[in-house]
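Before any comments, here is the structure.
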Amino acid sequence: PTIATWIEEGRFSTPEARELFALAPVDQSAMLLEAAAKAKSYASYGVDVAILADADAACVLAEKRECHMSGTEAAGEASVVFVPRLDLDPASALAKGKAEALLYTEFKLVEQTALWEIWVRRGATLPAEVAASLATGLQQ
52 PTIATWIEEG RFSTPEAREL FALAPVDQSA MLLEAAAKAK SYASYGVDVA ILADADAACV
112 LAEKRECHMS GTEAAGEASV VFVPRLDLDP ASALAKGKAE ALLYTEFKLV EQTALWEIWV
172 RRGATLPAEV AASLATGLQQ
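Residues in the sequence shown are numbered consecutively from 52, following my numbering.
Following this line, the structure appears as structure tokens:
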């Protein structure tokens, strides 16, 4: 199986697996750029987007807005949040843990890729173009 398949199956959820297959900086960059491309597309329609990492990466990579202190803080105000399925680094793993309650109470998981989960704030009004790209998950 490919690494993407292993991620989907949850094989990288244990600390031992993360130690064996540590993400190199180039892997982290590729992951962020994948999310940034989609986040930038959503932001172009006026959707407030966050990428749940230690830093507020979305303010730089996806949209021109004032940056927050962290990705977790940005998620508190966003309509759409990208959550890495792998821990980018220890600080990002901590950010995911801190945001878990927020995600499960205020957001709905609408899409999963091999590398990212996309969460939409419950009750958020999304432009038709964005809603159409997330249609399957929004209808559930």
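For each residue, glycine too, the CB sits at the ideal point set by N, CA and C. All values derive from a computational prediction rather than experimental measurement.
{"Asked": "Just checking, does the region 114-132 make contact with the region 146-155 on the three C-beta pairs under 8 angstroms criterion?", "Found": "yes"}
{"Asked": "How is the beta strand (DSSP E) around L160 delimited, first residue to last?", "Found": "158-163"}
{"Asked": "Tell me the residue span of the beta strand (DSSP E) that contains V171.", "Found": "167-172"}
{"Asked": "With 16 other CB atoms within 10 Å as the buried threshold, where does E180 fall?", "Found": "exposed"}
{"Asked": "At what residues does the alpha helix (DSSP H) containing V181 begin and finish?", "Found": "179-184"}
{"Asked": "By alpha-carbon positions, which one of P135, M82, E85, K115 ends up nearest to S95?", "Found": "K115"}
{"Asked": "Out of V134, I169, K159, which one is the CA nearest neighbour of G148?", "Found": "V134"}
{"Asked": "Name the DSSP bridge partner or partners of A101?", "Found": "V132"}
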